[in-house]
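Written out below as structure tokens is the structure these notes cover.
Residue numbers (this note's numbering), protein chains in the order written: chain A, 342 to 860; chain B, 22 to 160.
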């Protein structure tokens, strides 16, 4: 039916007619606010004095928005907004459930602290080359990845944060950085190309990209569609992004090269986006395929955590040690995915919260230690207990947290994961988690002894950098670490809500398609 | 390329192309065109001007730094999506109104401002890359 020019068309049948209240807008805030702030920062590129304040203000606004969003999601269930009022699956939906909203909140918290720390770490040149705009656009991409309900849109947000992360990685243009960035860029582009290929295949199979729509159509198509192929492709693509063994080599090759605050942001946030995407696709969209793959994922998880932490034992550069600790943490999170039970997934989600905060804090701690001791090398950095006992205190707390020892936050997710493995009859996976904890204690204990207890072996810098801003950043991050360690109940309940949100696909489908079986 | 013919013609060609890019931008809502392709045309105009007369005159003519233009575009696009907040509608919902320009009714919409934002993003980023490459060639 051709439509004449000027003829009025009734579009109401194609649109969401329910009014969107300002509270519904909470779901776009965590993405729109960083984009707007990033745009303003680009416009005032030369006024480098304004950058830090604007970026911190923008991230704080996004943080408030995230808090409001999580409170509302926990209170009233998933929050959905479809862009441009077009009915899903034609309009692109943003759908925040407890998983996406809580991870977006923790990521933004970490970003606020990094933006604060960067005020001292990133000088005028770094700002002029766009540190803060890149950071804001990266956080927009991360927030979009956590909140979108459309798989192609997820790809777009992956690209947004990847491209911004390339910019952050080469900031400074040293030879070493370009070397690291090349490896990072090429291997990540391979991963996103796989992601795009899988999505094209998925669109060819399902004829839709809306995740709720995919979830409700999967059962009908399972007989004669290559869903297992799709699940494997997504496992490989997101496994690469999450730095799971054996596709993790880009991470240790690149994370020690950028500015320390960039490394902190990457180590804290980016791998968790990969883990999140694995949870979202495999648990929510392809649960039978996940069951089929769970044996493989369990091996991948065990190999990632054990081989990762062995890498950490062998390193002599503090930042490289931390890179391998990040990888080992990804293995622990994958263990919950392999189990696929509600408790295992809750453990994964809790571990993701913990890992975002602790890994960022450890990288920032490395930055503070470098400022005081003048080196990242474990053979040179020494004598910090004598000069700065407070650094020793933060280091002890954070290393206990990373190793999963009380009183810090790493204990409870590991307890949950160990119990879930034993309940599912996979004691070897529980053993791998415990052995990893032990090896992490060794690897980080070695760092602690060499850098903090050992008397100074090489003279430090004549004028050590002032550590006070670093102390503030570390204190802000240590607070949730201690609180989650001593009083984990609220976080466990959020993690359980997040796990049940992805396990209960019908509830998610019901919020995106409230009219029920519309098609 | 410092040939006399090219240098003489380039300013006229560039201004024509910028004019045409605005025409393409504005017709883009219902017909082929739009912010992206319009932005590319304008960026090529600045690139041609740069090849003919050097990068410094282009930067002077643009007045704002290309990256700032790009940021402005992103801001306009993002804010145009936000207008629907006040209409109780979701993000990026198009809002239309008709204004009277010298007795002629003209449709104005947030969609148009979104497209103008895209235009500036493309102009800014592509011009920035082109000028950086040309600068390197001349240095």
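We put the beta carbon where it would ideally sit given N, CA and C, even for glycine.
In this text the structure is predicted, and so the values were computed from the model without any measurement.
**chain A within 8 angstroms of residue 114/B, Cβ atoms only** = Closer than 8 angstroms to some Cβ of chain A, the Cβ of residue 114/B qualifies, so yes.
**Prompt:** Of the residues that make up the stretch 410 to 443 of chain A, which ones have a beta carbon closer than 7 angstroms to any beta carbon in chain B?
**Reply:** 422, 423, 424, 425, 426
**Request:** For the stretch 529 to 559 of chain A, enumerate the residues whose C-beta is nearer than 8 angstroms to any C-beta of chain B, in chain order.
**Result:** none
**Asked** Would residue 548/A be called buried (16 or more neighbouring beta carbons within 10 Å of its own) or exposed?
**Response** exposed
**Message:** Starting from residue 125/B, trace the beta strand (DSSP E) in both directions and tell me its first and last residue.
**Reply:** In the DSSP assignment, residue 125/B falls within the unbroken beta strand (DSSP E) covering 125 to 130.
**Request:** Consult DSSP for residue 422/A and reduce its assignment to one of helix, strand or coil.
**Result:** strand
**Request:** Sort 757/A, 717/A, 746/A, 706/A by Cα distance to residue 733/A and report the nearest one.
**Result:** 706/A
**Prompt:** According to DSSP, what are the bridge partners of residue 52/B?
**Reply:** DSSP output for residue 52/B lists no bridge partner at all.
**Prompt:** Of all the alpha helix (DSSP H) runs that stay within the bounds of the stretch 396 to 477 of chain A, which reach a length of 4 or more residues?
**Reply:** 439 to 462, 465 to 469
**Asked** Using a C-beta cutoff of 8 angstroms, does residue 362/A count as contacting chain B?
**Response** yes
**Message:** Per DSSP, what are the beta-bridge partners of residue 591/A in this structure?
**Reply:** Paired residue(s): none; residue 591/A is not in a bridge.
**Request:** Give every residue of the same chain whose Cβ lies closer than 8 angstroms to the Cβ of residue 781/A, excluding the five residues on either side of it in the sequence, and list them in chain order.
**Result:** 650, 653, 666, 669, 743, 744, 745
**Prompt:** Quick one: Cα of residue 751/A to Cα of residue 616/A, how far?
**Reply:** 17 angstroms
**Request:** Indicate the three-state DSSP secondary structure (helix, strand or coil) for residue 710/A in the structure shown.
**Result:** It is helical.
**Message:** Here's a check: name, in chain order, each residue in its chain whose Cβ is nearer than 8 angstroms to the Cβ of residue 427/A, leaving out the five neighbours to either side.
**Reply:** 355, 356, 357
**Request:** Return the residues of the stretch 75 to 103 of chain B that lie within a Cβ-Cβ distance of less than 9 angstroms from chain A, sorted by chain order.
**Result:** 85, 86, 88, 89, 90, 91, 92, 93, 94, 95, 96, 97, 98, 99, 100, 102, 103
**Asked** What residues of chain B sit near residue 732/A, judged by a beta carbon separation below 7 angstroms?
**Response** Under the 7 angstroms cutoff, chain B gives no residues; its nearest Cβ is about 39 angstroms from residue 732/A.
**Asked** Residue range of the alpha helix (DSSP H) that residue 632/A falls in?
**Response** 628 to 655
**Request:** Pull out every residue of the stretch 375 to 393 of chain A whose Cβ sits closer than 9 angstroms to any Cβ of chain C, in chain order.
**Result:** In the structure shown, chain C cannot be found, because the protein chains are A and B.
**Message:** For a quick check, are the C-beta atoms of residue 862/A and residue 386/A less than 8 angstroms apart?
**Reply:** Absent from the structure is residue 862/A, since the part of chain A shown begins at 342 and ends at 860.
**Message:** For the pair the stretch 372 to 384 of chain A and the stretch 477 to 497 of chain A, tell me if three or more CB-CB distances fall below 8 angstroms.
**Reply:** yes
**Counted within 10 angstroms of its Cβ, other Cβ atoms place residue 144/B as buried (16 or more) or exposed** = buried
**Request:** Flag this pair as touching only if the stretch 844 to 856 of chain A and the stretch 767 to 775 of chain A have three or more C-beta atom pairs under 8 angstroms; answer yes or no.
**Result:** no
**Request:** Please determine, among 852/A, 553/A, 611/A, 631/A, the residue with the shortest C-alpha to C-alpha distance to residue 482/A.
**Result:** 611/A
**Request:** State the start and end residues of the unbroken beta strand (DSSP E) segment that holds residue 119/B.
**Result:** From DSSP, the beta strand (DSSP E) with residue 119/B extends over 117 to 122.
**Local conformation of residue 551/A per DSSP, three classes** = strand
**Asked** Looking at the C-beta of residue 859/A, does it have a partner C-beta in chain B at a distance below 8 angstroms?
**Response** Any reading at residue 859/A must be qualified, since the residue scores a pLDDT of 46, below 50, and its modelled position is unreliable; the value itself is stated next. With 8 angstroms as the cut-off, residue 859/A does not count as an interface residue toward chain B.
**Request:** Would you mind sorting residue 349/A into buried or exposed? The rule is 16 or more other CB atoms within 10 Å of its CB.
**Result:** exposed
**Request:** Using a Cβ cut-off of 8 angstroms (strictly closer), state whether residue 53/B contacts chain A.
**Result:** no
**Partners in chain B for residue 662/A, counting only beta-carbon separations shorter than 7 angstroms** = Those do not exist, as residue 662/A stays about 37 angstroms from chain B at its closest Cβ, beyond 7 angstroms.
**Request:** Return the residues of the stretch 25 to 43 of chain B that lie within a Cβ-Cβ distance of less than 9 angstroms from chain A, sorted by chain order.
**Result:** none
**Prompt:** Given that residue 799/A touches chain B, what residues does it touch there, using C-beta distances under 9 angstroms?
**Reply:** Here the premise fails: no neighbours, minimum Cβ distance about 41 angstroms.
**Prompt:** When Cβ atoms are compared, which residues of the stretch 126 to 139 of chain B fall closer than 7 angstroms to chain A?
**Reply:** none
**Item:** For residue 515/A and residue 107/B, the rounded distance between their alpha carbons
**Value:** The straight-line gap from Cα to Cα measures roughly 48 angstroms.
**Request:** At 8 angstroms on the CB atoms, spell out the chain A contacts of residue 109/B, in chain order.
**Result:** 360, 361, 362
**Request:** Indicate the three-state DSSP secondary structure (helix, strand or coil) for residue 136/B in the structure shown.
**Result:** helix
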